[in-house]
Amino acid sequence: MNESTFPGTEQFPSPAQPIAPTVTQPAAHPRPQAQPQRNLTPPDNYAEMPRPTAKLTAEDIAPVNDAHGPRSKIGPTGRPVPDLPEPQPPARTGPAQVISMCNQKGGVGKTTTTINLGAAIAETGRKVLLIDFDPQGSASIGLGVQPHDLDLSVYNLLMQRDITADEVIRATNVPNLDLLPANIDLSAAEVQLVQEVAREYTLQRVLEPIVPNYDVILIDCAPSLGLLTVNALTASNGIVVPLECEFFALRGLAMLTDTIGKVQDRLNPKLEIVGILGTMFDGRTTHAREVLDRVVQAFDERVFHTVIRRTVKFPETTVVGEPITTYAPSSQAATQYRDLAKEVLARCPAG
Ligand SMILES: Nc1ncnc2c1ncn2[C@@H]1O[C@H](COP(=O)(O)OP(=O)(O)OP(=O)(O)O)[C@@H](O)[C@H]1O
Ligand SMILES: [Mg+2]
């Protein structure tokens, strides 16, 4: 998985060649036989491209029952959903897996995923720290912390040698879930860090003392590939790439994978892509399904089986300042983030 680039990303269509209008009547096109997974055809042939969805049998799509109620064996990504075990509480705490939510595109669900994946992992008995690494302070707001009221934030931790992480970290209302908050001060760090020695390692250096205290540390990156994001990637073992299931989501992925490759080569060879997460998925639209198909064709098993569906519940959780797992614990949205937690924990066994 530790590759410098994703295969096939350079072949994503340009925005001048929209894919959606070319695919109108899938039934009119006989499905081609299975072809090699990453053999992407040009975008104007998109309607003829092989779909990752295997031929479904009646048994495949028949709902099966598990702890979360009925569900289909074939997931929204068109692949059979693995039956992952319920995560058991760990025998000991730490050292933490450090995972960045990263995509330089704005509004794709990085913050929503950081908060709700973090809360779902915390429910399994693991100690989780969320790091708000975006000057917008959205993860802090989403957990009920007002960024302008902060005396100390991640900015102070990065820039002042006499401040320790324990002074800045605060507990949240969710058991096992702590927060390292941020506010607009962090935007100054992007500029000030340029002067620092080993500037890309600053976050890693300040996190080192607390890595043994947590099982999972999730970093909510800003929508940019600047020095702050490079710091997050350098401090991480893994990356989760949230991807909104709409056409423009595919733009810029080559730039993201290029940055990941450079960080792997020059700064952090341990960095791995944990997975790509389809977000804001609306299964009723052909377009969303096609974008997801396309992503699975390009990234194959790196795409999480779990997909986060579009629902107004997420904007609501921001207003109340709590995760979906406590705001609407039995909702489909909460179940999806619990499923994602299972997948992430299965892909990142405790270090
Ligand atoms: N599955 C979803 N369904 C509906 N709305 C969603 C979903 N996920 C996120 N949202 C909403 O979309 C908006 C953007 O989400 P979010 O803030 O998580 O994205 P982001 O990638 O962190 O954005 P930014 O790049 O600005 O940091 C928010 O208003 C959020 O409530
Ligand atoms: Mg955000």
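As numbered in my numbering, residues 4 to 354 make up the sequence shown, in order.
All C-beta atoms, glycine included, are put in the ideal place defined by N, C-alpha and C.
Under 8 Å between C-beta atoms of residue i and residue j
{"i": "residue 134", "j": "residue 220", "result": "yes"}
{"i": "residue 155", "j": "residue 144", "result": "no"}
{"i": "residue 231", "j": "residue 136", "result": "yes"}
{"i": "residue 380", "j": "residue 264", "result": "Within the shown structure, residues of the chain are numbered from 4 to 354, placing residue 380 beyond reach of any answer."}
{"i": "residue 349", "j": "residue 87", "result": "yes"}
{"i": "residue 280", "j": "residue 244", "result": "yes"}
{"i": "residue 248", "j": "residue 301", "result": "no"}
{"i": "residue 228", "j": "residue 259", "result": "yes"}
{"i": "residue 242", "j": "residue 276", "result": "yes"}
{"i": "residue 240", "j": "residue 206", "result": "no"}
{"i": "residue 122", "j": "residue 157", "result": "no"}
{"i": "residue 253", "j": "residue 79", "result": "no"}
{"i": "residue 147", "j": "residue 319", "result": "no"}
Residue i: CB within 7 Å of a non-hydrogen atom of ligand 1
{"i": "residue 314", "result": "yes"}
{"i": "residue 141", "result": "yes"}
{"i": "residue 137", "result": "yes"}
{"i": "residue 219", "result": "no"}
{"i": "residue 226", "result": "yes"}
{"i": "residue 311", "result": "yes"}
{"i": "residue 109", "result": "yes"}
{"i": "residue 245", "result": "yes"}
{"i": "residue 80", "result": "no"}
{"i": "residue 307", "result": "no"}
{"i": "residue 150", "result": "no"}
{"i": "residue 251", "result": "no"}
{"i": "residue 1", "result": "For residue 1 there is no data in the structure shown, the boundaries of the chain being 4 and 354."}
{"i": "residue 321", "result": "yes"}
{"i": "residue 302", "result": "no"}
{"i": "residue 318", "result": "yes"}
Residue i to residue j span [Cα, whole Å]
{"i": "residue 162", "j": "residue 149", "result": "21 Å"}
{"i": "residue 41", "j": "residue 103", "result": "Low confidence applies here, because residue 41 scores a pLDDT of 43, under 50, leaving its location unreliable; read the following figure in that light. Those two C-alpha atoms are separated by around 26 Å."}
{"i": "residue 304", "j": "residue 81", "result": "12 Å"}
{"i": "residue 173", "j": "residue 183", "result": "7 Å"}
{"i": "residue 334", "j": "residue 217", "result": "28 Å"}
{"i": "residue 339", "j": "residue 198", "result": "42 Å"}
{"i": "residue 115", "j": "residue 337", "result": "12 Å"}
{"i": "residue 142", "j": "residue 286", "result": "27 Å"}
{"i": "residue 202", "j": "residue 328", "result": "37 Å"}
{"i": "residue 209", "j": "residue 225", "result": "19 Å"}
{"i": "residue 213", "j": "residue 288", "result": "44 Å"}
{"i": "residue 175", "j": "residue 132", "result": "10 Å"}
{"i": "residue 282", "j": "residue 112", "result": "7 Å"}
{"i": "residue 261", "j": "residue 77", "result": "32 Å"}
{"i": "residue 153", "j": "residue 321", "result": "18 Å"}
{"i": "residue 128", "j": "residue 278", "result": "22 Å"}
{"i": "residue 160", "j": "residue 351", "result": "27 Å"}
{"i": "residue 164", "j": "residue 194", "result": "17 Å"}
{"i": "residue 170", "j": "residue 140", "result": "18 Å"}
{"i": "residue 266", "j": "residue 215", "result": "24 Å"}
{"i": "residue 130", "j": "residue 332", "result": "19 Å"}
{"i": "residue 91", "j": "residue 181", "result": "20 Å"}
{"i": "residue 238", "j": "residue 83", "result": "34 Å"}
{"i": "residue 284", "j": "residue 200", "result": "43 Å"}
{"i": "residue 293", "j": "residue 330", "result": "31 Å"}
{"i": "residue 105", "j": "residue 222", "result": "8 Å"}
{"i": "residue 204", "j": "residue 211", "result": "11 Å"}
{"i": "residue 257", "j": "residue 110", "result": "18 Å"}
{"i": "residue 306", "j": "residue 317", "result": "22 Å"}
{"i": "residue 168", "j": "residue 192", "result": "16 Å"}
{"i": "residue 313", "j": "residue 89", "result": "25 Å"}
Residue i Cβ short of 7 Å to ligand 2 heavy atom set
{"i": "residue 114", "result": "yes"}
{"i": "residue 268", "result": "no"}
{"i": "residue 181", "result": "no"}
{"i": "residue 223", "result": "yes"}
Neighbour flag for residue i against chain E, beta carbons, 8 Å
{"i": "residue 344", "result": "Among the protein chains of the structure shown there is no chain E, as only one such chain exists."}
Rounded Cβ spacing between residue i and residue j (contact assumed at less than 8 Å)
{"i": "residue 246", "j": "residue 298", "result": "6 Å"}
{"i": "residue 308", "j": "residue 138", "result": "About 33 Å separates the two Cβ atoms, so there is no contact after all."}
{"i": "residue 179", "j": "residue 125", "result": "4 Å"}
Quick check: the stretch 186-193 against the stretch 92-110, are there 3 or more CB pairs under 8 Å?
-> Result no; under three Cβ-Cβ pairs closer than 8 Å.
Assess, as a yes-or-no matter, whether the stretch 260-272 is touched by the stretch 324-344 under the definition of 3 or more beta carbon pairs within less than 8 Å.
-> no
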